[in-house]
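Each residue of the sequence shown is one higher than the one before, starting from 1298 at the first, in my numbering. Idealized CB from N, CA, C, for every residue including glycine. Fair warning: this is a prediction, and the values are worked out from it, not measured in the lab. Worksheet for the structure shown next.
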Amino acid sequence: SYAFRQTMAQRAYAHTAGYDAAVSTWMARALGEPAPSRHSLSGRLAQRLRYGENPHQSASFYVDDSGRPGVASAIQHQGKELSFNNINDTDAAFELVSEFAPEDGAACAIIKHANPCGVALGADLSAAYRAAFDCDRTSAFGGIVAFNQALDARTAQEITGIFIEVVIAPDATAEAMEIFAAKKNLRLLTTGALADPTTAAQVIRQVSGGFLLQDKDNGLRLQE
């Protein structure tokens, strides 16, 4: 039918446009061009969300081909589908803990409405979680918890003491997953690795009639 041909044509153009965008981006980087005359952005539809930041806003979740560890590439082991706000807060939490190398200690971040409720380092995950939670126990309720090390059973048990929307970590033990299995509404995500805070990445911010593009802030300030 004519409608079917239109649908297939749109999909074909979308596929070739994504390929052209990838080639254009690669060539600009290979040539060392920091600001090409045109910037293309392409993503694959990962999820049609129930709504956006507010119930009256429609929203979708797209994934790019960067392969950067994080919420876009994470495996969800249990719980309901992530919402727009869940994805936004989970990304912020995981990017934050990725600033801390696992060999330097366990790190935990708790995010609520894109704001940190608490961030802490500890001798182990349990200690880091308790310290982060103690920063603001009230705001942590219903928040997002991120770790820079594999989630263990002891920490998982402590987390079940309050309502948490999402937990994200590089990995989780079988015992931790078993503890979370009793919390059907809790989403558990694992990424397989931390996001490298030193790798080149770009941040896009939309403005009326255009968008701003800048390098991700990955500068390190050394202690004097």
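Next on the checklist: Applying the 10 Å Cβ sphere with the 16-neighbour rule, what's the burial state of tyrosine 1359?
Outcome noted: Working through the sequence shown from its first residue, we reach residue 1359 at position 62. Exposed, because fewer than 16 other Cβ atoms sit within 10 Å of the Cβ of tyrosine 1359.
Item to check | Whole beta strand (DSSP E) elements within the region 1371-1413, 3-residue minimum | outcome: When DSSP assignments are scanned along the region 1371-1413, the uninterrupted stretches of beta strand (DSSP E) that are 3 or more residues long and fall wholly within it turn out to be 1372-1375 and 1403-1409.
Checklist entry - Using a Cβ-Cβ cut-off of 7 Å (strictly less than) and excluding sequence neighbours within five positions of lysine 1513, which residues of its own chain qualify? => result Against the sequence shown, residue 1513 aligns to sequence position 216. Ala1498, Gln1499 and Val1500, listed in sequence order.
Checklist entry - Going by DSSP, what residues sit across from alanine 1469 in a beta bridge? => result As a first step, residue 1469 is located in the sequence shown; it is residue number 172 there, counting from the start. DSSP lists Leu1448 as partners of alanine 1469.
Checklist entry - What is the residue span of the beta strand (DSSP E) that tyrosine 1359 lies within? => result The residue you call residue 1359 lines up with position 62 of the sequence shown. Start and end: 1356-1360.
Next on the checklist: Within 10 Å of its beta-carbon, does leucine 1510 have 16 or more other beta-carbons around it, so buried, or fewer, so exposed?
Outcome noted: To locate residue 1510, count along the sequence shown from 1; it is residue 213. So leucine 1510 ends up on the exposed side.
Next on the checklist: Three or more C-beta pairs under 8 Å: does that hold for the region 1415-1431 against the region 1351-1371?
Outcome noted: no
Item to check | threonine 1487, enclosing beta strand (DSSP E) - first and last residue | outcome: Taking the first residue of the sequence shown as position 1, residue 1487 is located at position 190. 1484-1487 is the span of the beta strand (DSSP E), which, as asked, contains threonine 1487.
Checklist entry - Is it right to say phenylalanine 1301 is buried, meaning 16 or more other beta carbons lie within 10 angstroms of its own, or is it exposed? => result Looking up residue 1301 in the sequence shown gives position 4. The residue is exposed, with fewer than 16 neighbouring Cβ atoms inside 10 Å.
Next on the checklist: If you follow the alpha helix (DSSP H) that phenylalanine 1508 is in, where does it begin and where does it stop?
Outcome noted: Counting from 1 along the sequence shown, the entry for residue 1508 is found at position 211. From DSSP, phenylalanine 1508 is part of no alpha helix (DSSP H) but of the beta strand (DSSP E) over 1507-1512.
Next on the checklist: Tell me the DSSP secondary structure of glycine 1280 in three-state form.
Outcome noted: Absent from the model: residue 1280. The displayed extent of the chain is 1298 to 1521, so no value can be given.
Item to check | Close beta carbons around glutamine 1354, own chain, < 7 Å, minus the five adjacent residues each side | outcome: For the purposes of this step, residue 1354 is taken as the residue at position 57 of the sequence shown. Counting only Cβ-Cβ distances below 7 Å, and skipping sequence neighbours, we find Tyr1348.
Item to check | For leucine 1346, the three-state DSSP class (helix, strand or coil) | outcome: Walking along the sequence shown from the start, residue 1346 turns up at place 49. Leucine 1346: strand per DSSP, three-state reduction.
Next on the checklist: Am I right that leucine 1483 and isoleucine 1459 are in contact with their C-beta atoms under 8 Å? What's the rounded C-beta distance?
Outcome noted: Taking the first residue of the sequence shown as position 1, residue 1483 is located at position 186. Taking the first residue of the sequence shown as position 1, residue 1459 is located at position 162. About 11 Å separates the two Cβ atoms, so there is no contact after all.
Checklist entry - In chain order, what residues of the same chain lie with their CB nearer than 6 Å to the CB of alanine 1369, ignoring the 5 residues before and after it? => result As a working note, residue 1369 is residue 72 in the sequence shown. Apart from sequence neighbours up to five positions away, the residues of its chain that approach alanine 1369 with a beta-carbon distance below 6 Å are Val1360, ordered along the chain.
Next on the checklist: For the beta strand (DSSP E) containing arginine 1282, name the first residue and the last one.
Outcome noted: Shown here, the chain extends from 1298 to 1521; a query on residue 1282 therefore has no answer.
Next on the checklist: Using only the alpha-carbon positions, how far apart do alanine 1437 and valine 1416 sit?
Outcome noted: Position 140 of the sequence shown, counted from the start, is the residue given in the question as residue 1437. Position 119 of the sequence shown, counted from the start, is the residue given in the question as residue 1416. Alanine 1437 and valine 1416: Cα-Cα distance of roughly 11 Å.
Item to check | threonine 1313 - containing alpha helix (DSSP H), residue span | outcome: On the sequence shown, position 16 is the one that residue 1313 refers to. That run of the alpha helix (DSSP H) goes 1299-1327.
Checklist entry - Helix, strand or coil: how does DSSP classify arginine 1522 here? => result No answer is possible for residue 1522: it lies beyond the span of the chain, which begins at 1298 and ends at 1521.
Checklist entry - Does the Cβ-Cβ distance between isoleucine 1372 and aspartate 1386 come in under 8 Å? => result Locating residue 1372 in the sequence shown gives position 75, counting from the first residue. Locating residue 1386 in the sequence shown gives position 89, counting from the first residue. Contact flag unset, no.
Next on the checklist: Counting beta carbon pairs with one atom in the region 1438-1450 and one in the region 1333-1344, are three or more of them shorter than 8 Å?
Outcome noted: no
Checklist entry - From the DSSP output, which residues share a beta bridge with leucine 1418? => result By 1-based counting over the sequence shown, the position of residue 1418 is 121. Answer is Ala1404, bridged to leucine 1418.
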